[in-house]
Amino acid sequence: MNNLELKIFFSWQMSTLCNKKVNNKIFLWNCLEKASKKLSNKGEFQGVKFIPDEGLRKEAGDKPVAETCIKKIKQCHIYVADFTIETKFTYLRHLLRKHCKFDLRSNVNGSVLIEYGHAKVCLGDDSVILVMNTINGNPNKIPDLLPYDCRQNRNPILFEINKTNFKENEKEDQKYNDFKQQQQRLIDELAGAIKLAARSAIKNIYNHFQPFISCEKAFNESSYRTDFKWTNELVQIKDAIQNNKEIMRIVGLSGLGKTRLVLEALLANQDTSHKLYCNMANNEEKEVFKTIESLFDGYGRATIVLDNCPYYFLERVYDMRRGKKASNPIVAICNDPNETIDSLRYQPYRLEVSDEIVEDIIIKNADFFSPENKKKVIEFSGGILTY
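The following block contains the structure:
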């Protein structure tokens, strides 16, 4: 697995009525960041980066909060919500509500519940994680503390922290040591829950991208037999692919290694964005176009590779990308070396035949060629040797 981002959206709330010593949002956000760091690029998640997000973080301008949060939830892979009760649910309140029918029940924050509902629909049960500070009520002690629908499910990850803000002179006290121990326990529990959710997300993530597959999978399925020969020209194209922010059009005769060039360049790039490949010769244009549209809407950093891509189809993709103001880098490959390319729309690159590459491959495989045949292979290949 390589270069995969898993987005974690955090629904927080500031309506928990308790003393000023507790800040659930900052405390939970810090725990979530540490849990994500604990898992990123480690063990079974080698090559996977966990990216926490919340609210309007990294959003420019005067965006509407509710709409932006819902959009981010639809685009994330794992959802974490603070289900801490808003006000303290005392035992007296519980008795009054139960026996005197006074509706004194405290609730989970309303905005968090709305976002939770969207997450359940968009992501499914496996990707939803709930946490709760029990300072205002514990569902293990008060069975009807949570909304009815939530009572049927697993309880949130529970912790009890009544102070998160410590002055420097308080950090030598036992209370601070107890706080740090509870914090570490929560980080470990969060990491365990995220690990389970991530396994499910990774299984499903490329189903969402079909008919695209990861560039890593495309490379492995191709079973290339020799090392790639980098000429000065190919190094320049490789650099252009790795730094591409627009639409590249790479053309050249079949057998020159255009597809391998693109895959080698992208997989050598260490950024964690999705890199997706589709061979259009094997897929319906309608399905490919539909998936590209969803990538434009939800995965703005994903690089899109379109192999055997007709020029008219690329024109449609260009128009949609421009209309949606999408930022996805695109590399479109074609076997027609004489194609006329609009350089105002696309960055054109033409691969030429190369005796240098053929000679290099022959040298590396000298045992397979007799001296008299080497010259013939170079002559008849015309600078083309599929590898």
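Quick note on our numbering: the sequence shown kicks off at 135 and runs consecutively. Positions of the beta carbon are idealized from the N, C-alpha and C atoms, including for glycine. Fair warning: this is a prediction, and the values are worked out from it, not measured in the lab.
Does the distance from the C-beta atom of residue i to that of residue j stay below 9 Å?
| i | j | result |
| --- | --- | --- |
| residue 159 | residue 212 | no |
| residue 446 | residue 475 | no |
| residue 155 | residue 296 | yes |
| residue 248 | residue 291 | no |
| residue 265 | residue 214 | yes |
| residue 392 | residue 472 | no |
| residue 169 | residue 325 | yes |
| residue 299 | residue 345 | no |
| residue 413 | residue 366 | no |
| residue 163 | residue 184 | no |
| residue 464 | residue 455 | yes |
| residue 161 | residue 317 | yes |
Measuring only from the beta carbon, is residue i closer than 8 Å to any heavy atom that is part of the ligand GDP?
| i | result |
| --- | --- |
| residue 144 | Absence of the ligand GDP from the depicted structure is noted, as is the absence of any ligand whatsoever, leaving it without description. |
Measuring alpha carbon to alpha carbon, tell me which residue in the options is nearest residue i.
| i | options | result |
| --- | --- | --- |
| residue 138 | 471, 449, 433 and 444 | 433 |
| residue 411 | 258, 422 and 405 | 422 |
| residue 334 | 265, 314, 258 and 377 | 258 |
| residue 431 | 407, 462, 415 and 170 | 462 |
| residue 370 | 273, 350 and 399 | 399 |
| residue 460 | 204, 429 and 487 | 429 |
| residue 270 | 221, 482, 313 and 285 | 221 |
| residue 315 | 486, 146, 165 and 143 | 165 |
| residue 173 | 143, 279 and 321 | 321 |
| residue 148 | 196, 219 and 482 | 219 |
| residue 378 | 175, 405, 306 and 427 | 405 |
| residue 210 | 250, 196 and 178 | 250 |
| residue 363 | 196, 394 and 356 | 394 |
| residue 438 | 458, 407 and 415 | 407 |
| residue 206 | 188, 313 and 171 | 188 |
For residue i, does the count of other Cβ atoms within 10 angstroms reach 16, so buried, or fall short, so exposed?
| i | result |
| --- | --- |
| residue 478 | exposed |
| residue 450 | exposed |
| residue 301 | exposed |
| residue 198 | exposed |
| residue 273 | buried |
| residue 337 | exposed |
| residue 282 | exposed |
| residue 200 | exposed |
| residue 388 | exposed |
| residue 261 | buried |
| residue 176 | exposed |
| residue 88 | Nothing about residue 88 can be read from this structure; the chain reaches only from 135 to 521. |
Spatial neighbours of residue i within its chain, please: CB distance less than 7 Å, with the 5 preceding and 5 following residues excluded, ordered by chain position.
| i | result |
| --- | --- |
| residue 340 | 347 and 348 |
| residue 353 | 397 and 401 |
| residue 135 | Residue confidence for residue 135 is low, a pLDDT of 47 falling below 50, so the modelled location carries little weight and cannot support an answer. |
| residue 304 | 310 |
| residue 202 | 190 and 193 |
| residue 518 | Caution applies to residue 518, whose pLDDT of 48 falls short of 50 and renders its modelled position unreliable; the model cannot decide the point. |
| residue 245 | 147 |
| residue 427 | 454 |
| residue 323 | 291 |
| residue 178 | none |
| residue 368 | 395 |
| residue 171 | none |
Could you tell me how far apart the beta carbons of residue i and residue j are, in whole angstroms, since I believe they sit closer than 8 Å?
| i | j | result |
| --- | --- | --- |
| residue 466 | residue 383 | 5 Å |
| residue 396 | residue 484 | With a Cβ gap of about 14 Å, residue 396 and residue 484 do not count as contacting. |
| residue 252 | residue 204 | 5 Å |
So, at 6 Å on beta carbons, what are the nonlocal neighbours of residue i in its own chain, with the 5 sequence-adjacent residues on each side left out?
| i | result |
| --- | --- |
| residue 343 | 410 |
| residue 242 | 217 |
| residue 167 | 186 |
| residue 268 | 292 and 294 |
| residue 280 | 273 |
| residue 482 | 383 and 475 |
| residue 374 | none |
| residue 458 | 430 |
| residue 289 | 273 |
| residue 157 | 298 |
| residue 415 | 442 |
| residue 195 | none |
Tell me which same chain residues have a C-beta within less than 8 Å of the C-beta of residue i, skipping the five on either side of it?
| i | result |
| --- | --- |
| residue 480 | 380, 381, 382, 383, 448, 452 and 466 |
| residue 402 | 372 and 376 |
| residue 208 | 252, 256 and 432 |
| residue 440 | 412, 414, 422, 447, 448, 451, 464, 465, 466 and 467 |
| residue 356 | 393, 394 and 397 |
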